[in-house]
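Participant: Before anything else, here's the structure in question.
In our numbering, the protein residues as written are -1 to 274.
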């Protein structure tokens, strides 16, 4: 009798679950399932963050006293990969920009043809300066040309949203770099282009203050991964791109091939601007 009553109770519960999930279309369910996979991967990686930082020489290199220059690694080595995901080339040899200049806080310079050149590391406050630049001369800007080793995740995502709000295009020219948080800005363009000899790479993000607390580090990694995945999806970029970042220690980069950038929709077409 009790077994019969239990089965009766289960039927309404299953019905409620079916009605709940029927509110969502299959596409949304698949996207959120994929984000769940990314978050699960981040949880595993978060448990090993301290070991990875030690293996890569600590949080910051000791040779520079300038906090901004300490925290920015220009053209780190390519991560070693194996099997089907192995990269076909290392684009670092094509980068011709002054590496010391790339460690300076990002600057914005209006060029001919409505191109706003963004050169340097994405420091805290970069998004506010970018917004001020658009307020002052935004009517002339149609395109943002990126050349940055990355930096502040918060500022990169804020700049990306401003780029999309203003319906601007983005690009990375041959010989330029867009690494770490910079590809999130690239993703904001309504049109996105990259040269075959551009160095575009991703790696893990972490909060330095969480490194002494593994549980907090794991939670932080999950939150960051979820935010980045959601941002890429909103910009029309396949969040699967970020699986390469989760595999890559903070002191290395996974450099994306032109074919990968096209497959993940990080770019929408070949570079049409004049090459530098």
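No residue lacks a Cβ here, since even glycine has one placed at the ideal position from N, Cα and C.
In terms of residues, what are the limits of the alpha helix (DSSP H) holding residue 161?
Facilitator: From DSSP, the alpha helix (DSSP H) with residue 161 extends over 151 to 163.
Participant: Mind checking who residue 113 pairs with in its DSSP beta bridge?
Facilitator: Answer is 141, bridged to residue 113.
Participant: Going by the beta-carbon positions, is the gap between residue 203 and residue 151 smaller than 8 Å?
Facilitator: It is a contact, given that the beta carbons lie within the stated cut-off.
Participant: If you reduce the DSSP assignment to three classes, tell me which class residue 107 lands in.
Facilitator: It is a strand residue.
Participant: Pick out whichever of 137, 196, 230 and 144 has its Cα sitting closest to the Cα of residue 185.
Facilitator: Answer by Cα proximity: 230.
Participant: Below 8 Å on the Cβ atoms is my guess for residue 224 versus residue 196; work out the distance and round it to an integer in Å.
Facilitator: At roughly 28 Å, the Cβ-Cβ gap does not stay under 8 Å, so residue 224 and residue 196 are not in contact.
Participant: For the alpha helix (DSSP H) containing residue 258, list its first residue and its last residue.
Facilitator: Residue 258 -> alpha helix (DSSP H) spans 256 to 261.
Participant: Can you tell me which of the three DSSP states residue 268 falls into?
Facilitator: Residue 268 falls in the strand class under three-state DSSP.
Participant: With 16 as the cutoff for other CB atoms within 10 Å, does residue 157 come out buried or exposed?
Facilitator: Burial call: buried.
Participant: Take the Cβ of residue 167 as the centre, count every other Cβ of all protein chains shown within 10 Å, and call the residue buried at 16 or more, exposed below.
Facilitator: Buried, since its Cβ has 16 or more Cβ neighbours within 10 Å.
Participant: Kindly indicate which residue of 246, 137, 235 and 96 has the alpha-carbon position closest to the one of residue 117.
Facilitator: It is 96 whose Cα lies nearest to the Cα of residue 117.
Participant: Residue 232 by DSSP, collapsed to three states: which one?
Facilitator: Helix, per DSSP.
Participant: Helix, strand or coil, according to DSSP, for residue 178 in the structure here?
Facilitator: Looking at residue 178 - three-state DSSP - the assignment turns out to be coil, as it is neither helix nor strand.
Participant: Between the C-alpha atoms of residue 182 and residue 91, what's the straight-line distance to the nearest angstrom?
Facilitator: If I take the Cα positions, the gap works out to 23 Å.
Participant: Once the 5 residues before and after residue 256 are set aside, which same chain residues still bring their CB inside 6 Å of it?
Facilitator: So the list reads 194, once near-sequence residues are dropped.
Participant: Could you tell me the distance, in whole angstroms, from the CA atom of residue 164 to the CA atom of residue 103?
Facilitator: In a straight line, the C-alpha of residue 164 is about 23 Å away from that of residue 103.
Participant: Write down the C-beta distance between residue 177 and residue 251 rounded to the nearest angstrom, noting that I regard them as a contact closer than 8 Å.
Facilitator: Sure, about 6 Å apart at Cβ, within 8 Å.
Participant: Mind reading off the beta-carbon distance from residue 254 to residue 218? Whole number of angstroms is fine, and I expect it under 8 Å.
Facilitator: With a Cβ gap of about 25 Å, residue 254 and residue 218 do not count as contacting.
Participant: Where does residue 122 land, buried or exposed, given buried means 16+ other C-beta within 10 angstroms?
Facilitator: When all chains shown are included, residue 122 counts as exposed.
Participant: Nearest CA to the CA of residue 100: which residue from 113, 137, 180 and 246?
Facilitator: Comparing Cα-Cα distances from residue 100 to each of 113, 137, 180 and 246, the minimum goes to 180.
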